[in-house]
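Under this note's numbering, the residues of the sequence shown are numbered 106 to 527, in order. Each residue gets a CB set at the ideal place from its N, CA and C atoms; glycine is no exception. Quick caveat, the model's predicted, so the values are computed rather than measured.
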Amino acid sequence: MEVTEGGTSRFTFDFPQFIVEKILARLPFPQILEVRRLSKQWCSMFADRRQVVHVSRKLKVDPQVLRDSSFFQSEIASVSSTWPTYFPCEATTFGFIGFELSSNRWKEFALHPWLPSDRDATGVLRLRVLEGPLLCRVWTCGSSERISASDFTLKVQIANVVTGSWLDVTSPEQIPFDHGRLPCAVHLIRGGCPNYKILLLYNCCKMGVRLVCTIQLYASELRSWQLFRQETNMPQKYSESSSPSTFSLEHSAIHNKCLYGLFSENHTGKFTLVRFCIGTQSWTLRHFSFGNIERNGNALLHFSPSSLGLMVPGFSCYPLGYDIRSIDINIDTLEGNSGNTDVSEVHSCRNPVSVEVLQGFVHQNFAYHYGYDVTLEQYTFWVYDIQENTWNILPCATTSRHGTWDWISSAFAPGLDPFAAV
Numbered sequence: 106m107e108v109t110e111g112g113t114s115r116f117t118f119d120f121p122q123f124i125v126e127k128i129l130a131r132l133p134f135p136q137i138l139e140v141r142r143l144s145k146q147w148c149s150m151f152a153d154r155r156q157v158v159h160v161s162r163k164l165k166v167d168p169q170v171l172r173d174s175s176f177f178q179s180e181i182a183s184v185s186s187t188w189p190t191y192f193p194c195e196a197t198t199f200g201f202i203g204f205e206l207s208s209n210r211w212k213e214f215a216l217h218p219w220l221p222s223d224r225d226a227t228g229v230l231r232l233r234v235l236e237g238p239l240l241c242r243v244w245t246c247g248s249s250e251r252i253s254a255s256d257f258t259l260k261v262q263i264a265n266v267v268t269g270s271w272l273d274v275t276s277p278e279q280i281p282f283d284h285g286r287l288p289c290a291v292h293l294i295r296g297g298c299p300n301y302k303i304l305l306l307y308n309c310c311k312m313g314v315r316l317v318c319t320i321q322l323y324a325s326e327l328r329s330w331q332l333f334r335q336e337t338n339m340p341q342k343y344s345e346s347s348s349p350s351t352f353s354l355e356h357s358a359i360h361n362k363c364l365y366g367l368f369s370e371n372h373t374g375k376f377t378l379v380r381f382c383i384g385t386q387s388w389t390l391r392h393f394s395f396g397n398i399e400r401n402g403n404a405l406l407h408f409s410p411s412s413l414g415l416m417v418p419g420f421s422c423y424p425l426g427y428d429i430r431s432i433d434i435n436i437d438t439l440e441g442n443s444g445n446t447d448v449s450e451v452h453s454c455r456n457p458v459s460v461e462v463l464q465g466f467v468h469q470n471f472a473y474h475y476g477y478d479v480t481l482e483q484y485t486f487w488v489y490d491i492q493e494n495t496w497n498i499l500p501c502a503t504t505s506r507h508g509t510w511d512w513i514s515s516a517f518a519p520g521l522d523p524f525a526a527v
């Protein structure tokens with residue numbers, strides 16, 4: 106029994122440790138309670154300065170150390186490192202299917218029951234991205250029957266799949282559509298808790314006949330959008346016998362607080378690489394050509410400490426042979442004024458089977474290519490090891506809706522703050 110300052114009493118009871126461990130073992134994410142405790146401890150410390158002394162005595166650390174948020178960041182990071190990571194992930198009607206990297210198998214993990222599902226979205230849902238516990242979903246406002254080569258307003262939803270909280274916002278500018286497909290990339294950047302940024306990258310020129318790179322940036326701390334534009338300096342020449350060039354977004358990625366976008370001209374080997382520094386809000390553009398190749402899927406970007414890599418998938422034999430041609434670009438050469446960049450092939454690696462690629466994306470040092478495997482006669486993932494220059498195959502997800510475009514090109518790993526506010 107415990108006697109409080111007011112003279113009242115209350116009973117307290119501590120569960121034996123072995124019972125607590127059994128309870129935690131039955132939870133899908135047992136680390137969630139420990140991270141929750143640390144998160145609440147951290148937040149209460151900043152809400153009430155008197156808590157600093159109390160917490161510092163309990164943890165046996167200097168109060169000044171506690172005032173530095175990096176102390177709690179390291180504690181939470183240590184606990185959060187044991188959260189399972191899923192990649193790739195597929196959106197389904199109930200939540201997600203993800204490939205758990207530690208167990209090397211597919212698992213189902215549902216959205217929070219309070220979170221609106223994809224079925225609740227009006228219009229046509231097109232894009233999803235996971236960053237830590239946060240899910241960003243983008244869809245068109247309006248009926249799917251109206252989708253055509255026109256402009257449409259986008260609705261953006263940011264949600265926490267652990268807590269079930271969400272926020273709906275509308276993009277400030279309409280985005281051009283191309284034959285019913287959304288030529289737009291969405292990125293979610295986690296800053297210091299609880300801040301985040303949403304970036305939409307696209308070519309705002311109708312029909313894509315010119316390249317006008319545009320970024321819509323939403324900052325959570327400001328609850329507002331910013332618009333950034335950069336037009337390329339490539340004059341287009343037209344003639345009666347040749348069709349005009351069209352520029353389409355192939356791939357994009359975040360690296361060292363910069364957003365990189367790769368646009369191709371007529372889906373050939375002519376590329377424009379765009380870099381937008383989020384901190385300075387400055388642009389860099391580079392144009393280069395990488396031979397005349399018959400394409401099979403989008404080109405993909407990947408990064409090493411000193412270089413930017415470009416993987417160009419193409420046909421190696423008729424009709425569906427598939428190979429990877431890789432090049433490296435020195436990141437330092439991207440500084441300065443816009444201009445041409447010389448590139449050279451690093452290596453080529455052919456897929457041992459014939460595959461028709463529908464979608465591709467990069468995670469860590471691996472490139473994932475989703476498509477129809479002619480040899481196995483099924484949809485599957487072929488994984489290209491960038492460092493080892495080799496191919497592997499993922500086991501099939503038996504519950505997957507094969508043949509759809511619902512794969513998410515980012516991983517689910519709750520990270521430092523699984524209870525991040527939206």
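1) Please state the DSSP three-state secondary structure of T438.
2) Report the option in H392, K302 and D428 whose CA atom is closest to the CA atom of I383.
3) Taking only three categories from DSSP, how would you classify R455?
4) With respect to the beta strand (DSSP E) encompassing S542, which residues constitute its N-terminal and C-terminal limits?
5) Excluding sequence positions up to five away, which residues of its chain have a Cβ less than 8 Å from the Cβ of E370?
6) Return the bridge partner residues of R328 from the DSSP annotation.
7) Among the candidates F486, F471 and N470, whose CA atom is the shortest distance from the CA of Y477?
8) Would you please state the rounded distance, in angstroms, between the beta carbons of L306 and G269? I believe it to be under 8 Å.
9) Classify K311 as helix, strand or coil using the three-state DSSP reduction.
10) When the distance is taken between beta carbons, is R391 closer than 8 Å to P418?
11) Which residue or residues does DSSP assign as beta-bridge partners of V317?
12) When you compare the CB positions of F471 and Q386, do they come within less than 8 Å of one another, or not?
13) Closest to V291 by C-alpha separation, out of L316, V317 and R242, would be which residue?
14) Among residues of its own chain, excluding the 5 on either side of Y473, which ones have a beta-carbon nearer than 6 Å to its beta-carbon?
15) Quick check on the DSSP output: the beta strand (DSSP E) that includes L239 runs from which residue to which?
16) State the Cα-Cα distance for the pair Y323 and S329, rounded to the nearest angstrom.
17) Within 7 Å: the Cβ of G476 and any heavy atom of the ligand FMN?
18) Out of F408, G237 and W244, which one is the CA nearest neighbour of K260?
19) What's the gap between the Cα of I429 and the Cα of F393?
20) Can you tell me the Cα-Cα spacing of F201 and I359, whole angstroms?
21) Less than 8 Å between the C-beta atoms of L354 and P288, yes or no?
22) When you compare the CB positions of V234 and S431, do they come within less than 8 Å of one another, or not?
23) If you draw a straight line from the alpha carbon of L240 to that of S325, how long is it in whole angstroms?
In brief:
1) helix
2) K302
3) strand
4) No answer is possible for residue 542: the residues shown for the chain start at 106 and end at 527.
5) S350, T351, F352, F376 and T377
6) BP columns for R328 are empty, so no partner.
7) F486
8) The Cβ separation is near 29 Å, so there is no contact.
9) helix
10) no
11) E336
12) no
13) R242
14) P193, F466, F486 and V488
15) L239 to T245
16) 6 Å
17) Ligands displayed in this structure: none; no statement on the ligand FMN is therefore possible.
18) W244
19) 18 Å
20) 23 Å
21) yes
22) no
23) 14 Å
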